[in-house]
Amino acid sequence: MITISKLNKAYFEAEKKTKVFNNFSYVFEGSRVYSVVGPSGSGKTTLLNLLCGLDKFENGSIKVNDSELKNLDETSLDQLRKKYFGFGFQFHYLLEGLTVKENCLAANFGKEIKALDSLFEELGISAKSDNYPRNLSGGEKQRAAIARAVCSKPPILLLDEPTGNLDQENSLQIQEFLLEHAKQNKSLLIFATHDEAFANKADYTLRITSEA
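Here the sequence shown is numbered in my numbering, starting from 731 and rising by one per residue.
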């Protein structure tokens, strides 16, 4: 469970202050699927980064289970992310010096992953598992990033536009894969998307504007 209470977040550029969240409160219950929608610049990516401590906030509270993020130092935040979170970013951020399989193993801290080959098959990248990111198409990189995010079966999955680089057929396949994965593993899945049809498949939809 992630609990947000009276959250305030703003960005400062030169002398200009841009509010992203103003006294924003919300609860993400465990073992549920949430979509986050809103126009570009409304704060969808910022919200995902705040939830796991990758970004800081001015006031308010974010609790991951019983851990208050603002009370944790960087080492403790790293430990919390390792324990609870899997990430799929809008820009894949695969490690260029590692193959697809090695990227997944790195995300699992070098430990062997059961059924990894089966995961690659489900995502349609079996033939690419020993390839480096530079040899993958944009859609293949997206699916490899999803494999990396889910391979260790984390309790919480944060995905930013997980189907953004995929054609319609592959997008639908990945949508169903993610929803089924969350169900089978009783994960809390939170994904940001511009795809309203995909958003509507979630248990709950959080709509945010430029100032929530």
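C-beta atoms are modelled at their ideal positions from N, C-alpha and C, and glycine is treated no differently.
Looking at residue j and residue i, is the spacing between their C-beta atoms short of 8 Å?
{"i": "Glu826", "j": "Pro863", "result": "yes"}
{"i": "Glu870", "j": "Gln820", "result": "no"}
{"i": "Val794", "j": "Tyr814", "result": "yes"}
{"i": "Thr830", "j": "Ala874", "result": "Here residue 830 is Val; the residue named in the question, Thr, does not match the sequence. A contact, by the Cβ cut-off of 8 Å."}
{"i": "Gly790", "j": "Ser735", "result": "yes"}
{"i": "Gly818", "j": "Leu889", "result": "yes"}
Mind checking which residues open and close the alpha helix (DSSP H) that includes residue i?
{"i": "Ile843", "result": "Premise fails: Ile843 is in no alpha helix (DSSP H) and is neither H nor E."}
{"i": "Glu926", "result": "926-929"}
Along the chain, where does the beta strand (DSSP E) containing residue i start, and where does it finish?
{"i": "Ser901", "result": "Not the beta strand (DSSP E): Ser901 falls in the alpha helix (DSSP H), residues 898-915."}
{"i": "Lys675", "result": "Outside the modelled stretch of the chain, which goes from 731 to 942, sits residue 675, for which no answer is possible."}
{"i": "Ala922", "result": "918-922"}
{"i": "Ala740", "result": "732-743"}
{"i": "Arg951", "result": "The question about residue 951 has no answer, for the chain in this structure spans 731 to 942."}
{"i": "Lys746", "result": "746-758"}
{"i": "Tyr934", "result": "934-937"}
Relative to the C-alpha of residue i, which residue among the options is closest?
{"i": "Lys858", "options": "Cys834, Thr923, Leu936, Phe907", "result": "Cys834"}
{"i": "Lys913", "options": "Val763, Asn895, Ala845, Gly868", "result": "Val763"}
{"i": "Glu798", "options": "Ile886, Ile732, Lys747, Asn752", "result": "Ile732"}
{"i": "Asp785", "options": "Ala740, Asp796, Gly818, Lys747", "result": "Ala740"}
{"i": "Ser882", "options": "Leu908, Asp796, Ala837, Ile904", "result": "Ala837"}
{"i": "Thr805", "options": "Lys747, Ala922, Gly783", "result": "Gly783"}
Let me know the beta strand (DSSP E) ranges lying completely inside the region 774-843, each 3 residues or longer, listed in chain order.
789-794, 815-818
May I ask you to verify whether the region 842-862 touches the region 803-817, counting CB pairs closer than 8 Å and requiring at least 3?
no
Evaluate the contact criterion for the region 764-771 versus the region 931-940: three or more CB pairs, one atom per stretch, below 8 Å.
yes
Would you call the region 746-756 in contact with the region 920-930, where contact means no fewer than 3 C-beta pairs closer than 8 Å?
no
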